[in-house]
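For reference, the structure discussed in these notes is given below.
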Amino acid sequence: MRTTDRFMRVACIVFALCASARASTYYVSPSGSDAAAGTSAAVAWKTLQKAANVVQAGDTVIVLPGTYAGFNLFTSGAPGAPITFTANSGGSTPNPNVIVNTNNTFTGKDRINLEGASHVVIEGFTVLGTGDPATNRTGIRTVLASHVTIRANRADLCGRWGILTGFVDDVLIEDNECSRSAAEHGIYVSNSGDRPIVRRNRIWGNHSNGLHMNGDVTLGGDGVISDALVERNVIWENGNGNPAFGAPGGSAINCDGVQNATIRNNLLYLNHKSGISLYRIDGGAPSSGNRVVNNTVRNASDARWALNIQDASSGNVVVNNVLLNDHSFRGAVDIGSSCLPGMIANHNAVKDAFSIDGSVMTLAQWKATTGLDSASFVSSVGALFASPATGDYQLKAGAPAIDKGQSTFAPNDDLLGKHRPAGLGFDIGSYEFGACFGSTDTVGSGISGTAGVAPLLSAMGCPDQGSSLTLQVAQAAPLAAGMLFVGTQATSLAAFGGTLYLVPALGIPHVASAAGTFAIGSTLPMNPALTGSSLRVQAFYADGAATQGVSATAGLEFVFD
5 MRTTDRFMRV
15 ACIVFALCAS
25 ARASTYYVSP
35 SGSDAAAGTS
45 AAVAWKTLQK
55 AANVVQAGDT
65 VIVLPGTYAG
75 FNLFTSGAPG
85 APITFTANSG
95 GSTPNPNVIV
105 NTNNTFTGKD
115 RINLEGASHV
125 VIEGFTVLGT
135 GDPATNRTGI
145 RTVLASHVTI
155 RANRADLCGR
165 WGILTGFVDD
175 VLIEDNECSR
185 SAAEHGIYVS
195 NSGDRPIVRR
205 NRIWGNHSNG
215 LHMNGDVTLG
225 GDGVISDALV
235 ERNVIWENGN
245 GNPAFGAPGG
255 SAINCDGVQN
265 ATIRNNLLYL
275 NHKSGISLYR
285 IDGGAPSSGN
295 RVVNNTVRNA
305 SDARWALNIQ
315 DASSGNVVVN
325 NVLLNDHSFR
335 GAVDIGSSCL
345 PGMIANHNAV
355 KDAFSIDGSV
365 MTLAQWKATT
375 GLDSASFVSS
385 VGALFASPAT
395 GDYQLKAGAP
405 AIDKGQSTFA
415 PNDDLLGKHR
425 PAGLGFDIGS
435 YEFGACFGST
445 DTVGSGISGT
455 AGVAPLLSAM
465 GCPDQGSSLT
475 LQVAQAAPLA
485 AGMLFVGTQA
495 TSLAAFGGTL
505 YLVPALGIPH
515 VASAAGTFAI
525 GSTLPMNPAL
535 TGSSLRVQAF
545 YADGAATQGV
555 SATAGLEFVF
565 D
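The following block contains the structure:
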């Protein structure tokens, strides 16, 4: 068996290298011809289906602006050599000028269809449906495959689903906008596909669920979706669809037969049914062992509960969430008693309403009954958020959720990708107040001077591109001549009886104030080349009270992300 495994690994590597060696780039344009070579914009093919009939592992299809019929793809790429169809190469947003608005001819129901095609990337398309399930089913569909990436597409007004996956392992669905599906859901991950990643999508206005994950054992497999990652999605105004296409239902994030998933840093607001649901109807097992962490949920006034856990879905973690509800009596958590074993719940900001087996109670009664949520507290939209009327659910200054989360289970970043924690502790909810994309760290220690203390160097603001950053010195000798050194290279050279923590590339001379202070501010440039780079600063002062006549701050290191 070991020999066979080794042979298969080598074969995969060789196949990938061969695919990479022969990889081709093709072009499609409405003004092209399927009889052309397709190898440049000047000799582009006319249809997406022509490209789908030709491509092999490692090939890229660049789709030029225009309106197209959909296509069906049977051919797989390979590990490290995917087949890529791109309308916006490397972009994180859909290209509004590349439109797919006609069904493919194989299924006759879906715009873009991948049938058993693994290792494929679909990115940048604007896919428009008919708004009628009788004439259009899915915007982008992938079934019976693995390692499919659906990135930066817009799927609007599709008949049933914006994006559908079925029996697809290791699918990545990121940076898409899925809106106004007429009869069902924005994104539907179904049928025992393990390890899906659904992140940074905008999902709104769909008939029922925003995101539906359903193992659906009735269609085969084990009926369980394992190890999903659902993060940094913004999901709003779902569950209020046209009843002519069926009664709207579901949740913003709906999980049937989903186990060991991580659901974090999502913003769900003004959805009309449930917020997050963990349950079992079609799934092969209850939705157990999931982590629901640092989400912000605010349900609409006609909604169900912010968090719904039923059908023996036990062992779930519910930590650092905002769980609010505009409904008159429905509130934070509705749970079946069979789901309480193994549950961890704490540090949540909630509406003062919980339910166990339909019995409604206050947070205090919930704590007494379950022993959970000892550090959770009642809060409100007005107390927490900066501008909820405009869809801005970032925490406002002084919000009670700031620094009140717990570190266990908390993600290292927030919904925007900014670093946690930013203050004395982790915040509750999907946003971290005062957080930055970049980071600021102290390097080493200073050299003491007047009064036996070292001057202090601090930063106000974020080391982010386009942000304002101010460097401030305190505790320097009054009216002392100083030099602020700036450099990009680290060092630890002994200097003046202390340590120099950078190789100076720039020196800024100045004089401390009578209070021993100094400040200098700047707006950082917008320059992608800064990403991943670092900068160090350190200040030195002439100080007769210092051992060698010089005092110094510790260094600061800024890392730009």
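The sequence shown begins at 5 in my numbering and counts up one residue at a time.
All C-beta atoms, glycine included, are put in the ideal place defined by N, C-alpha and C.
What you are looking at is a predicted structure, and each value in this text was computed from that prediction instead of being measured.
- request: Thinking L327 and V354 are a contact (beta carbons under 8 Å), I'd like their distance in whole angstroms, please.
  value: What you label residue 327 is simply residue 323 of the sequence shown in a count that begins at 1. What you label residue 354 is simply residue 350 of the sequence shown in a count that begins at 1. About 5 Å separates the beta carbon of L327 from that of V354, a gap short enough to meet the 8 Å contact definition.
query: If you draw a straight line from the C-alpha of G429 to the C-alpha of G409, how long is it?
result: On the sequence shown, position 425 is the one that residue 429 refers to. On the sequence shown, position 405 is the one that residue 409 refers to. For G429 and G409, the distance between alpha carbons rounds to 7 Å.
- request: Would you mind stating whether N246 and A186 have Cβ atoms separated by less than 9 Å?
  value: On the sequence shown, residue 246 is found 242 positions in, with the first residue counted as 1. On the sequence shown, residue 186 is found 182 positions in, with the first residue counted as 1. It is a contact, given that the beta carbons lie within the stated cut-off.
- prompt: Excluding the five sequence neighbours on either side, which residues of its own chain have a C-beta within less than 6 Å of the C-beta of R236, listed in chain order?
  reply: Counted from its first residue, the sequence shown places residue 236 at position 232. Closer than 6 Å at the Cβ level, and outside the excluded window around R236, lie R203, R204, N269 and L419.
- prompt: Can you name the start and end residues of the alpha helix (DSSP H) that W309 belongs to?
  reply: Here residue 309 corresponds to residue number 305 of the sequence shown, with the count starting at 1. Unbroken run through W309: none, as it is neither H nor E.
- prompt: What are the partner residues of P508, as DSSP defines its beta bridges?
  reply: Within the sequence shown, the letter at position 504 stands for residue 508. Per DSSP, none; premise fails for P508.
Range of the contiguous beta strand (DSSP E) that encloses Q369: Translated into positions along the sequence shown, residue 369 becomes position 365. Looking at the DSSP string, Q369 is not in any beta strand (DSSP E); the run it does join, the alpha helix (DSSP H), is L367 to T374.
query: In three-state terms, what does DSSP make of N76?
result: Residue mapping note: residue 76 aligns to position 72 of the sequence shown, counting from 1. Strand at N76.
- prompt: Mind checking whether G120 and A85 have CB atoms under 9 Å apart?
  reply: The sequence position of residue 120 within the sequence shown is 116, counting from 1. The sequence position of residue 85 within the sequence shown is 81, counting from 1. No, the Cβ-Cβ distance between G120 and A85 is not below 9 Å.
message: In whole angstroms, give me the CA-to-CA distance for R115 and A27.
response: As a working note, residue 115 is residue 111 in the sequence shown. As a working note, residue 27 is residue 23 in the sequence shown. Answer to the nearest angstrom: the Cα atoms are 26 Å apart.
field: Per DSSP, the bridge partner or partners of Y192
entry: As a first step, residue 192 is located in the sequence shown; it is residue number 188 there, counting from the start. Per DSSP, L168 and H216.
query: Of all the alpha helix (DSSP H) runs that stay within the bounds of the region 424–462, which reach a length of 4 or more residues?
result: none
field: Buried/exposed call for G511, threshold 16 Cβ in 10 Å
entry: On the sequence shown, residue 511 is found 507 positions in, with the first residue counted as 1. Label assigned to G511: exposed.
task: Reducing DSSP to helix, strand and coil, say where A388 ends up.
output: By one-based count along the sequence shown, residue 388 stands at place 384. Reading off the sequence shown, one finds Leu at residue 388, where the question assumed Ala. Correct three-state label for L388: helix.
- prompt: In terms of residues, what are the limits of the alpha helix (DSSP H) holding A56?
  reply: The count along the sequence shown starts at 1 and reaches residue 56 at position 52. It spans L52 to V58 - the alpha helix (DSSP H) in which A56 sits, taken as one unbroken run.
- prompt: Closest by CA to S462, which one among G559, S471 and P513?
  reply: On the sequence shown, position 458 is the one that residue 462 refers to. Taking only the C-alpha atoms, the option nearest S462 is G559.
- request: Taking only the alpha-carbon atoms, compute the straight-line gap between S452 and V490 and give it to the nearest angstrom.
  value: To locate residue 452, count along the sequence shown from 1; it is residue 448. To locate residue 490, count along the sequence shown from 1; it is residue 486. Cα to Cα, S452 sits roughly 21 Å from V490.
query: What do you reckon, are the CB atoms on G287 and V221 nearer than 9 Å?
result: For this step, residue 287 is matched to residue 283 along the sequence shown. For this step, residue 221 is matched to residue 217 along the sequence shown. In this structure, V221 lies closer than 9 Å to G287 by Cβ.
message: Please list the terminal residues of the continuous beta strand (DSSP E) segment that includes E181.
response: Here residue 181 refers to the residue found at position 177 when the sequence shown is read from its first residue. Counting along the chain, the beta strand (DSSP E) containing E181 begins and ends at E181 to S183.
- request: Following the continuous beta strand (DSSP E) through I285, name the residue where it begins and the one where it ends.
  value: Here the question's residue 285 lines up with position 281 in the sequence shown. No beta strand (DSSP E) contains I285, which DSSP labels as neither H nor E.
task: Within 10 angstroms of the Cβ of Q479, are there 16 or more other Cβ atoms? Answer buried if so, exposed if not.
output: For the purposes of this step, residue 479 is taken as residue 475 along the sequence shown, with counting starting at 1. When all chains shown are included, Q479 counts as buried.
message: Which same chain residues end up closer than 6 Å to L497 when comparing Cβ atoms and leaving out the 5 residues on each side of it in sequence?
response: Walking along the sequence shown from the start, residue 497 turns up at place 493. L504.
- prompt: If you draw a straight line from the alpha carbon of S24 to that of G62, how long is it in whole angstroms?
  reply: Working through the sequence shown from its first residue, we reach residue 24 at position 20. Working through the sequence shown from its first residue, we reach residue 62 at position 58. Because the pLDDT at S24 is just 47, under 50, the model does not fix this residue reliably, and the point stays unresolved.
message: Three or more C-beta pairs under 8 Å: does that hold for the region 521–539 against the region 467–483?
response: yes
- prompt: Is DSSP giving A20 helix, strand or coil here?
  reply: The residue given as residue 20 occupies position 16 in the sequence shown. With a pLDDT of 44 at A20, under the threshold of 50, the modelled position of this residue cannot be trusted, and the question is left open.
Three-state secondary structure (DSSP) of A336: Here residue 336 is taken as the residue at index 332 of the sequence shown, counted from 1. A336 falls in the coil class under three-state DSSP.
message: Our contact map puts K277 next to R308 with C-beta atoms below 8 Å; I'd like the distance itself, whole angstroms only.
response: Position 273 of the sequence shown, counted from the first residue, corresponds to residue 277. Position 304 of the sequence shown, counted from the first residue, corresponds to residue 308. Between the beta-carbon of K277 and that of R308 there is about 5 Å, and that keeps the pair under the 8 Å contact cut.
message: Helix, strand or coil for P513? Go by DSSP, reduced to three states.
response: Reading the sequence shown from its first residue, position 509 is the one you call residue 513. Three-state result, P513: strand.
message: With distance defined between alpha-carbon atoms, name the residue in F129, A390, I348 and I154 nearest to T412.
response: Looking up residue 412 in the sequence shown gives position 408. Considering only alpha carbons, the answer is I348.
query: Thinking C-beta only, is V32 closer than 9 Å to L68?
result: Counted from its first residue, the sequence shown places residue 68 at position 64. Counted from its first residue, the sequence shown places residue 32 at position 28. Closer than 9 Å, so yes.
task: Taking only the alpha-carbon atoms, compute the straight-line gap between T139 and G163 and give it to the nearest angstrom.
output: Here residue 139 refers to the residue found at position 135 when the sequence shown is read from its first residue. Here residue 163 refers to the residue found at position 159 when the sequence shown is read from its first residue. In a straight line, the C-alpha of T139 is about 7 Å away from that of G163.
Opposing strand residues paired with N275 [DSSP bridges]: As a working note, residue 275 is residue 271 in the sequence shown. The partner list for N275 (beta bridge, DSSP) reads N303.
Between the CA atoms of N258 and N57 - distance to the nearest angstrom: Taking the first residue of the sequence shown as 1, we reach residue 57 at position 53. Taking the first residue of the sequence shown as 1, we reach residue 258 at position 254. C-alpha separation (whole angstroms): 36 Å.
message: What does the alpha-carbon distance come out to for the pair V541 and N298?
response: On the sequence shown, position 537 is the one that residue 541 refers to. On the sequence shown, position 294 is the one that residue 298 refers to. C-alpha of V541 to C-alpha of N298: approximately 34 Å in a straight line.
message: Please report the distance separating the alpha-carbon of S318 from that of V385.
response: As a working mapping, residue 318 is identified with position 314 in the sequence shown. As a working mapping, residue 385 is identified with position 381 in the sequence shown. In a straight line, the C-alpha of S318 is about 29 Å away from that of V385.
message: Between which residues of its own chain and H514 is the CB-CB distance below 7 Å, once the five residues before and five after are set aside?
response: By one-based count along the sequence shown, residue 514 stands at place 510. So the list reads G486, L488 and F522, once near-sequence residues are dropped.
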